[in-house]
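Numbering (my numbering), first residue to last: 4 to 433. By construction, the Cβ of each residue, glycine as well, lies at the ideal position given by its N, Cα and C atoms.
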Amino acid sequence: DSASDDSDTNSLRCSIAGAVPAMTPRKAVFKVMNALEELNRKDLWEAVFQCFPQYTGVSSPCLAGPINVLYLVVLQDKVSNENESMDDMAVRCQEILTPYHDALTKADIRRVSFIFNQTQGEADDYPLPAIFTYRANSSFREDSLFRSIEPSHAFNLDLMRLAENFHVRSLGLRQTNSSHVHLYKATPRATSLEKDKKANVNPRIFVRSLAFFATEFSSNTFERIMVDSLNAMDLCSFVSHSDNHLFINLVGDREKVVLDPVVAEEVVLAILKRHSERISRLGVTEVETRLLCRLDNDRSVPIALRLVASNPTGYAHVLNTYVELGDEPGADTKFKLIGGTKAGLASSGDGSWEGQSVQTPYPLTRPFDAQRKAALKASDTLYCYDLPALFEAAVEQQWTDAGAHRLVVMQTIELVVQRARGSGGWTIQD
C-alpha cells in the first residue's frame, strides 16, 4: 500500500543521504508537556523554535542537510499497543506538525519524535514508551518502519537491507524484559521479481529482535530472546509459512564483552537445535545473529560478529560466522568468513556473504533454493550438495553414542570435471 511504500522509500533515502561532517555542532531539544493539546499553542512552538540557532539566525543551515532533532514528550496521554490506536495517534501528531513545516525547516530539524506512555496489553510484559518519528526528508510524514524505537537506535534493526528488494510494512512490536521484537511484512518488489523469476512471490515475515545486555553473553540470554521472537511470530496476525527470516541483534558494551567466536557458535547452535521444530513450523529459513565483543581483555579491538544459521536438510544445521571488516578507515565494511560448522562448506554455499558489503540487500532467494525445491519435487529427495552435511551429522551422532568426541569426523572435497569444450572455469550457474 502507499503508506508502506512511503516508509521503505524513506528508509532508502536515509541510507543514501550525504553524511553530515563529524564535527558539525548539532542541537537536540526535549519539550515535556502534560497533554498533547498543549501543542495547539503557537507561543509554545515559538519558544521551542527559539532554542535552535539556525531559526534565530545565529548559525547557518548545514549544507549536508538538516542536523537538529526535537523530542516532544507527553506525560498524561497514553497509547494502546493496538495498531488502530497507534495509527490514530500517528495521524494526530502529523496534523499538529503540518502548520509548522516551514518553521521546522528553518530550524534545520531533521526529525521530530513524539513520546507517549503506553498502556499495558496482554502481549506486553513490560510496556515501554510509544514513539512516533517524523523526518524532514519525507516532508515530516511518519517513518512507520521505526515506530516505537528510539531513533538513535534505529540503525540496529538493519532495515536498510530489506527496503531494496521488498515493500516493507510494520506488523507491530512486542516488548519484554529481555528484548524488543519488531515484525515486518515484506512483499517482493516487481523490479526484484523481474531479476529473480524463480523467487517466491508471496510476502514473508522479517523479525528484527533487539536486545541490550551489559557485559555477559550467555546461553540463557540468547534463548530468552529466541523464545520471545518465536512467541511474537505465533501471536502475529499475518501468517507466512516459508522464507521467513529472524535477525537478533545483541547490543552490549563492546569494550567489556569478551567472547570467543567458537563459544558463540556453540551457544547459537545448541539453542537452534533445541527449538528447531518450532522454527521450522513457523517457516523461518534463516536465523541471523549479530553481536559486538572483544576476543580478550587487553589486546584486541572490538569486533562485530554475524552468525548466519539455516537448516536446509531439516536434520543438520549449517552455520557460518562472519566478522564485519573494513580494509582501511573510511572504506566500505564487508563480511569476512572466519568460521562456522564443518558442514558449512560441504552443504549449500551458504557462505555466500563472503566479501559482500554489510549493507548488501537481502535476496529474494538464497543460493541453491531453486535446486533444493526441484530435487524435492522431482524425486522427494535432497539436493546433492546437502548430502555430505547430512552424512556428517549421522557419523558425528555415532561417535557421540559411543561416548567419544571427535573434532573432525569427515572431510569433504568436491572434484570438478573440466570442460571438454570452451574456456573458462565452472561457475555457480553451471
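Pair every Cβ in the stretch 367–380 with every Cβ in the stretch 202–209, then say whether three or more of these pairs are closer than 8 Å. Contact holds: three or more Cβ-Cβ distances are below 8 Å.
Backbone secondary structure at A349 - three-state DSSP: The predicted position of A349 is uncertain, since its pLDDT is 43 and thus under 50; no value can be drawn from it.
What's the gap between the Cα of K276 and the Cα of P154? In a straight line, the C-alpha of K276 is about 34 Å away from that of P154.
Touch test, the stretch 252–266 against the stretch 297–310, Cβ-Cβ under 8 Å, three pairs minimum: At 8 Å Cβ cutoff, the stretches touch.
Is M413 helix, strand or coil by DSSP? Three-state DSSP puts M413 in coil, outside helix and strand.
Taking 7 Å as the limit between beta carbons, can you name the residues of its chain near S7, skipping five residues before and five after? Confidence at S7 is low in this model, with a pLDDT of 46, below 50, so its placement is unreliable and no value can be given for it.
Can you give me the Cβ contacts of Y386 inside the same chain, cut-off strictly under 7 Å, excluding the 5 residues immediately before and after it? Once the five neighbours on either side are set aside, the close Cβ partners of Y386 are F371, Q374, R375, A378.
Give a yes or no on whether the C-beta atoms belonging to F209 and L165 are separated by under 7 Å. Going by C-beta atoms, F209 is nearer than 7 Å to L165.
Only counting the same chain, and skipping five residues up and downstream in sequence, which positions put a Cβ closer than 6 Å to that of M92? Same-chain partners within the cutoff: V82.
Return the bridge partner residues of Q121 from the DSSP annotation. Answer by DSSP bridge pairing, in chain order: V82.
If I follow the unbroken alpha helix (DSSP H) through F394, where does it start and stop? Here the alpha helix (DSSP H) through F394 covers 390–404.
Alpha carbon to alpha carbon, how far is L348 from V412? Only weak support exists for where L348 lies, its pLDDT of 45 falling under 50; the value from the coordinates is given anyway. It is roughly 15 Å from the alpha-carbon of L348 to the alpha-carbon of V412.
Residue nearest to L160 in terms of C-alpha spacing, selected from T292, G342, D383: Ranking T292, G342, D383 by Cα distance to L160 puts T292 first.
Exposed or buried, which one is G329 when buried takes at least 16 other CB atoms within 10 Å? Exposed, since its Cβ has fewer than 16 Cβ neighbours within 10 Å.
With a CB to CB cut of under 8 Å and the five nearest residues on each side skipped, what residues in its chain are close to S283? Around S283, the same chain offers N314, G317 as residues with beta carbons nearer than 8 Å, after the five sequence neighbours per side are excluded.
Which of the three DSSP states, helix, strand or coil, is assigned to C54? Looking at C54 - three-state DSSP - the assignment turns out to be coil, as it is neither helix nor strand.
With burial defined as no fewer than 16 other Cβ atoms inside 10 Å of the residue's Cβ, what is the status of S232: buried or exposed? Buried, by the Cβ-count rule.
Which term fits I416, buried or exposed, when burial requires 16 or more other beta carbons within 10 angstroms of its beta carbon? With fewer than 16 other Cβ atoms within 10 Å, it is exposed.
Please name the residue or residues paired with Y187 in a DSSP beta bridge. Y187 is bridged to S173, F209.
Please state the DSSP three-state secondary structure of T292. T292: strand per DSSP, three-state reduction.
Measure the alpha-carbon distance for F323 versus G342 and round it to whole angstroms. According to the sequence as given, residue 323 is Asn; it is not Phe. Near 6 Å, if we compare the C-alpha coordinates of G342 and N323.
Looking only at DSSP bridge pairs, what is V321 linked to? Note: V321 sits in a beta bridge opposite S313.
Are at least three pairs of beta-carbons, each pair with one atom in the stretch 25–34 and one in the stretch 48–65, less than 8 Å apart? Yes, they touch.
Of the residues R309, V184, F216, T288, which one's Cα is nearest the Cα of C239? Considering only alpha carbons, the answer is V184.
Pick out the complete beta strand (DSSP E) segments inside the stretch 235–261, 3 residues or longer, and give them in chain order. The stretch 235–261 contains these whole beta strand (DSSP E) runs: 247–254.
Considering I282, what are the terminal residues of the alpha helix (DSSP H) in which it resides? Per DSSP, I282 belongs to the alpha helix (DSSP H) from 279–284.
Could you say which of R207, N180, A193, V254 lies nearest to L213 if we only look at CA atoms? The shortest C-alpha separation from L213 is found at V254.
I need the straight-line Cα distance from E280 to N223, nearest angstrom please. Distance between the alpha carbons of E280 and N223 is about 19 Å.
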